[in-house]
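Participant: The following block contains the structure, expressed as C-alpha cells.
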Amino acid sequence: MIPLSFAQRRLWFLAQLEGPNPTYNIPAALRLRGELDVAALRAALRDVVERHEVLRTVFPAADGTPHQRILDTGAVSLDLPVIPTAGEEALATALAEATAQPFDLAADIPIRARLHELEPQEHVLLLVLHHIASDGWSMGLLARDISEAYGARRAGHAPQWEPLPVQYADYTMWQLDLLGDASDPESVLAEQLSYWRTTLADVPEELRLPAARTRPATASYRGDQVPLRIDAELHQRLTELARAEGATLYMVLQAGLAVLLSRLGAGDDIPVGTPIAGRMDDALDDLVGFFVNSLVMRTDLSGDPSFTELVSRVRDADLSAFAHQDVPFERLVEELVPTRSMGRHPLFQVMLAVQNNAQAVLDLPGLQVGALPGGKAPAKFDLSFDLSEEFDAQGRPAGLKGSITYALDLFDREAVDDLSARFVRVLDACTTDPSVRVRQVPVLDGAERDRLVRGWNDTDRSVPQVSLTELLAAQAARTPDATAVVFEGVEWSYGELDARANRLARLLISRGVGAESLVAVCMERSADLVVSLLAVLKAGGAYVPVDPEYPADRIAYVLEGARPVLVLTSESVQSVVPVVEDLERVVVDDAQTLSALAELAGDAVTDVERGGQVLPSHVAYVIYTSGSTGRPKGVAVPHGGVVNRLLWMQGVFGLGGSDRVVQKTPFGFDVSVWEFFWPLVAGAGLVVARAGGHRDAGYLAELIRRERVTVAHFVPSMLRVFLREPGAGACSGLRWVVCSGEALAAELRDQFFGVLEGVELHNLYGPTEASVDVTAWACGAGEGPVVPIGRPVWNTRVFVLDAGLRPVPVGVAGELYLAGVQLARGYVGRAGLTAERFVASPFGAAGERMYRTGDVVRWRADGSLEYLGRADDQVKLRGFRVELGEIGAALESHPAVTETAVLVREDVPGDKRLVAYVVPAEGVVDAAVLRAHVGRVLPEYMVPSAVVVLEALPVTVNGKLDRRALPAPEYKAAGSSRGPASLQEEILCAVFAEVLGVPSVGVDDNFFELGGHSLLAVSLVERLRARGVPVSVRALFAAPTAAGLAAASLDREAVTVPENLIQAGAEAITPEMLPLVDLTAEEIERISARVPGGAANIADVYPSPPPGRPVLPPPDDR
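Take 1 as the starting number for the sequence shown in the UniProt record's numbering and just add one per residue.
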C-alpha cells in the first residue's frame, strides 16, 4: 500500500476529526463566452485526470491507517454535466451549493466538474478540487494542461504531452526515503526536528489577537475577506529597505506584521506561518499535487528594537528556517505535541503569504475566458494575509494587492478593515523612518486617537464646588420633617438626624477634631453609625472605618497607620479596639458621652466652631484596602470627588422623596459611601440593615419589602444568592439595583431580569482610589455574552494604555488609567506608593494626574469598556493567557452548579494548576463530569486540573470572594496513576495502552502527553469501536483521558433506539433494515452465512444491560 504524504496525512486526519466539510475544497469558476465544444472540454478533463494520477486517487483506511489507492483511468467516473441555469442569482446559488459539497476521501476522486449553461454562447465551468490533491501552484498547471488538451481535442486528436517523469505517489515514497527515520540521529528528519524543537521551544501556543468574540471550542472555519492594498510608492520603499538590509520583501512584511500584532496586544514573541512551494526537485515542477508546506516564522521583538534591527533578526531567523524546510509541518505538530485544540490552528494562528505562483489562466481557443469572484473563503487560520506583487512596464514596483481572510468565529468585518489600514500605516511609518523603535510605531490615526482620548471622554459637567458637609446640611434644611433614617423600627427625621450629628460634632471638636483630622470609627451598622459619620464630617474631619469584624491585627494596623485623633466606638464592640497610646476613645452610647451630648446645642455647626470652612479639597474619608504586599493601604478621598460622584448619580437616577435606599454594605467597603450619603443629599430615606444582615438573603428580601426599599446594591456573588431566595421575586418595589465590586456575568444579568422583571440593573465599576465608581452601564436582558463596565461618569476620563502609556485601539487589551475630579489624594503615609500609582497624565493640563488601576480592559466599538481581568495577577499557563471568568461561566452553564470561583494555584513551586471551586445546586456533583463539560466548550488548556466542591464560597466581611480562604485541592501523589473504576474505564485504559505501546495507562493519563498524535488518535477510535465503545476523534480531543471519555459518555443525552426493521420471515437483509449498525451489503451477507437459519434468525437489537450498568454496544462480530 502507498502511504500518504505528510501533508496529505493532516488533511485526511482533519476529515476524520471534523467529518465531511468543504473547508479544504479549492473551487475555480470560469465564465466562457463563445462557441464551446462541450465534448472536447469533457475529453480534455479526462485527459488531465489520466495524466495526473493524484486526480484519480482515493484515500481509504485499513485499521485506521490511510493509504493512496490509484484508480485506473477507465474506473474513474469524472463527468461534466451540463446544467441549464436561468440568471445570475440562480448561478450564484448553484455554484455555492456545489462548492460546499464535501468530498468523501475514501470513495471520491478529488476533482469534480460541472458546466452551467446560461445562454447557448455563455457557460460557466466550475472545477472543485480537494486540497489533498492540489495546491496553488497546481491550479496554474491544471489550467495549462486543460487548455492544451482542449485545443488538441477540438483538433480531433489526443494531447501530445511529454510523459511526466514522476507521479505524486513517487514523490510520497521519495519524501519518506529522504527524511529517514526520526530514531536515526543521522537522518535529515532527526537533524531538522532537533532544530525546530530548539527554535520553537516555549513558543506561544495561541496569539492574543483583538478578537470581537471568545474563541469557540470548535472552529467553524467560516471566513470572509477584506481587501489589502499597498500603493506603488510604499512598495518601492519596502523593496529598497529589503535590499539595504540584505533581506527579501517577505521578510520586511513579516517584520511589519509582527510589529502590528505586538502593538495590538500579542506580546513580543510572534509566530507567523508562511507557505512554501515544497517542490524541491525540478521533476516536480509540472506535477499536480499537494506539495505546499508551512513554516513557522518566529519573530522576537523583545528589548524594543529599531525596525532595521528587527528586520535583521527576521532575516537571520527566516534563513535558518528555510534551511530546515524539509520537515513537513504535520510531522512538526506531532513532534512538538502542542496542546490539542479544535478551536485554533496549531503553532500559529496568523498566516502571511506573498504569492509568486503563475496565475491559473485558461486559454481555450475560440472562447473568452474570465474568472468569477469566489464566495466567502473558509478561514483555516484566525487571520491570513495574502499579497502578490505588481510591476509596471519597466519592471518597477507598482504596488501589492491581496486580502486578509479572517475567521468569522472571532472577528467582525469592520475590525479587519481597521486591521488592514493599520498594517499599511505600520509599514509606512517603518519605511519612512526605519530607525523607529517598535513601541513607538503608530497604529492609530489622528481621528481615532482623538476619539479614544477626547471624544469618548467628553464628560465635562458643571458641578457646584462645595463639600459633602454643605450638601448634607442644605438637604436637612430643605426637608427637616421628612424621614431620613430607618433602623430596626426607629425612624428619625432629617431635622432630628441633623441635630444629633451636630451635637456629636461639637463634642468631637472639643476633643481636637478639625480640618484634615482623621477619626477612626469602629461600630456595628446602626442609626448611631450614621450619626457618627455625619458628625465627623461636620467637625471638619475625615472618618476612617474600622469594621469590628476585622481581625485584631488588622484593626491594630489601621489605627497605627492612620494615627487618628480619636476613635468613635460603641459599648457593644469597644472591646475589639486595642489600647493605643495617646489615642482617645469616645463610646457614643455610654452614659458619660450621652450626658455630655445632652449639654450641647443641636443647631448647625459654624465655620468658626470648626476653625475654618470645610473645602472640597479636604479629605472626607480614609478607607483601608488590601495591598498586594499584604499591608493594607489607606486611601484618602476628598470631598470634591464624592460630591461629583453623588451628583452624577442623582443626575442619572433622579432619587426622590418617596425613594428609599438600603444601606447594607459594610462601611469599610467604599460602596457604602453612596449608600449612606446619596439618599441624604437627595431627600430620600436611608434604610439601615441590621449588623450582619448583608449576609442573610432572606432577611434582606423581607427588609426590602417591609420598608418599601427602591434602591439596593449587591456585589454579584451576593446578588446570585439573593436571587435564589424565594422572597426575592416579591421585592417588586425596587426601582434600581446596582452591581459593583466584582465582574457581573451575563448569565447572572439574565437571571436577574427573570426574577425581578421591570427592575433596572446597573453595572458600575471603580476603585476606592477614585471615589467609588467611575464608569456605569445600564444592563439589558440578553444583550450579549459580556456585561460591559460602561462609560465614564461626569468629569471623569478613562484611558486604555499600553506599557508605554500610549492609547491602544478599540478591541485591544490595555491597562485602565483614570483621571478627573474623583481621584483620591493618595495613600496615607505612603508617598512612594502614591507616586507609583498616581502618575502624570500625558493627556491633560500640566500637573494633572492619572491613577493606574492595574485592571485590564478594552474599548468596545460603541465607546463602552469591557473588563478583562487584573494586570498584576495575569493568569498565563503553558504560553496561554487564560481568562478565569470564562472558565467560571462554562462551569456555571452546567445545571448542577450554582456558584464558581476559578484561580491558578502554585501549591508546589513551579507547578501552576487551574483549580475550580464549585457550589452544587443540590446534593453532590461529579467533578469528572464537570471537567468533561468544560472540555466540550473550552480548549483543553482551560479545563481545571481539579474541581473542589464546597457548600459555599468563602467571602470577606465586605461580601467579596475571599480567595485566600479557598482550600488547596487534594491531589494524588505524583505518578500514582489511578486505576479504572468501571467497565468503560477498564476498556478505555486497555486500548489506550495498546495503541500507545505502553504497559498500562491510568484513567487520568492524557493520551497526547503519553505520545499520542493525530494518526494514533484515529487508530484508537477504530480499536475502541471494535471493542464496543464508540467514540469520535472529536470526543477524544475534548477529553483526552479515559476518565474524561467515560464521564463524557455518562453525560450524554439518552439515545433513542429505533425499532427492529427486519420483518418476520425475511429471506434477505439490506443495510436499510439495520439502523443500529453501519454495515455494507457484503458484510451483511457474510454475517448471515454464519448464523444458523440465515436472515430469518437475525434481529437488529441490543441486549438489555444489567441494572446499574452503563449501556455498551455489543462486540463488532454482531
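Beta carbons: idealized from backbone N, C-alpha and C, even for Gly.
I'd like the span of the beta strand (DSSP E) that includes Met850, first residue to last.
Facilitator: From DSSP, the beta strand (DSSP E) with Met850 extends over Arg849 to Trp859.
Participant: Roughly how many angstroms lie between the CA atoms of Leu11 and Tyr24, to the nearest whole one?
Facilitator: Distance between the alpha carbons of Leu11 and Tyr24 is about 8 Å.
Participant: Return helix, strand or coil for Phe838, following the three-state DSSP convention.
Facilitator: strand
Participant: Given that a residue counts as buried once 16 or more other Cβ atoms are within 10 Å of its Cβ, and exposed if not, what is Gln613?
Facilitator: Gln613 is exposed by the Cβ-count criterion.
Participant: Look up Asp386 in the DSSP assignment and give the residues it is bridged to.
Facilitator: Ala353 and Ser403
Participant: Which residue marks the beginning of the beta strand (DSSP E) containing Leu228, and which one marks its end?
Facilitator: Gly223 to Ile230
Participant: Does DSSP put Phe1037 in a helix, in a strand, or in coil?
Facilitator: Helix at Phe1037.
Participant: Helix, strand or coil: how does DSSP classify Tyr168 here?
Facilitator: Tyr168: helix per DSSP, three-state reduction.
Participant: Kindly indicate which three-state DSSP category Asp659 falls into: helix, strand or coil?
Facilitator: Asp659: coil per DSSP, three-state reduction.
Participant: With DSSP run on the structure shown, which of helix, strand or coil describes Pro1115?
Facilitator: Model confidence at Pro1115 stands at a pLDDT of 31, short of 50, so the residue's coordinates are unreliable; what they give is reported in the following sentence. The answer is coil: DSSP assigns Pro1115 none of H, G, I, E or B.
Participant: Under a three-way DSSP split, which group does Trp736 fall into?
Facilitator: strand
Participant: Buried or exposed: Lys376, going by 16 or more other Cβ atoms within 10 Å of its Cβ?
Facilitator: exposed
Participant: Between which residues of its own chain and Ala28 is the CB-CB distance below 6 Å, once the five residues before and five after are set aside?
Facilitator: Leu127
Participant: What residue from Arg563, Arg31, Val361 and Trp859 has the CA that sits closest to Gln121's CA?
Facilitator: Gln121 has its Cα closest to that of Arg31, out of Arg563, Arg31, Val361 and Trp859.
Participant: For a test of the three-state rule: what should DSSP assign to Leu125, helix, strand or coil?
Facilitator: strand
Participant: Give, in chain order, every unbroken run of the beta strand (DSSP E) that is at least 3 residues long and sits entirely within the segment 83-128.
Facilitator: Taking only runs of at least 3 residues, the beta strand (DSSP E) segments lying wholly in the segment 83-128 are 111-119.
Participant: Quick one: is Gln68 buried, meaning 16 or more other Cβ sit within 10 Å of its Cβ, or exposed?
Facilitator: buried
Participant: Within its chain, find whatever has a CB closer than 6 Å to the CB of Phe799; leave out the 5 residues flanking it on each side and keep chain order.
Facilitator: Tyr817
Participant: Which residue comes first and which comes last in the alpha helix (DSSP H) that contains Leu190?
Facilitator: For the record, residue 190 in the displayed sequence is Ala; it is not Leu. Unbroken alpha helix (DSSP H) run through Ala190: Val188 to Thr199.
Participant: May I ask you to list the residues that DSSP assigns as paired with Gly34?
Facilitator: Leu367
Participant: What separation, rounded to the nearest whole angstrom, lies between the Cα atoms of Pro1114 and Met139?
Facilitator: Low confidence applies here, because Pro1114 scores a pLDDT of 31, under 50, leaving its location unreliable and the question unanswered by this model.
Participant: Do you know offhand how far Gly399's Cα is from Arg313's?
Facilitator: 25 Å
Participant: Look at the Cβ atom of Leu472, then the Cβ atom of Val681, and state whether they are nearer than 7 Å.
Facilitator: yes
Participant: Between which two residues does the alpha helix (DSSP H) containing Trp678 stretch?
Facilitator: Counting along the chain, the alpha helix (DSSP H) containing Trp678 begins and ends at Val671 to Ala682.
Participant: Taking C-alpha atoms, which residue in Glu309, Ala447, Glu240 and Glu205 lies nearest to Ile270?
Facilitator: Of all alpha-carbon atoms in Glu309, Ala447, Glu240 and Glu205, the one lying nearest the alpha-carbon of Ile270 is that of Glu205.
Participant: Around the Cβ of Ala7, are there at least 16 other Cβ atoms within 10 angstroms (buried) or fewer (exposed)?
Facilitator: buried
Participant: Counting Cβ pairs, one atom from each stretch, are 3 or more of them under 8 Å apart for the segment 240-259 and the segment 322-330?
Facilitator: no
Participant: Using a 10 Å radius around the Cβ and a threshold of 16 neighbouring Cβ atoms, would you call Ser5 buried or exposed?
Facilitator: buried
Participant: Exposed or buried, which one is Asp316 when buried takes at least 16 other CB atoms within 10 Å?
Facilitator: exposed
Participant: With a CB to CB cut of under 6 Å and the five nearest residues on each side skipped, what residues in its chain are close to Ala15?
Facilitator: Leu105
Participant: In the DSSP assignment, the alpha helix (DSSP H) including Leu646 goes from what residue to what residue?
Facilitator: His639 to Phe653
Participant: On a Cα-Cα basis, can you pick out the residue from Val587, Ala477 and Gly265 that is closest to Val521?
Facilitator: Val587
Participant: Rounded to whole angstroms, what is the Cα-Cα separation between Ala447 and Arg439?
Facilitator: 20 Å
Participant: Would you list the one or two residues that DSSP bridges to Phe791?
Facilitator: Correcting the residue identity first, residue 791 is Arg in this sequence and not Phe. Looking at the DSSP assignment, Arg791 forms a beta bridge with Ala776.
Participant: For Phe59, does the three-state DSSP call read helix, strand or coil?
Facilitator: coil
Participant: Is Asp498 near the ligand ADP, with its Cβ less than 6 Å from a heavy atom?
Facilitator: Among the ligands in the structure shown, none appear at all, so the ligand ADP cannot be discussed.
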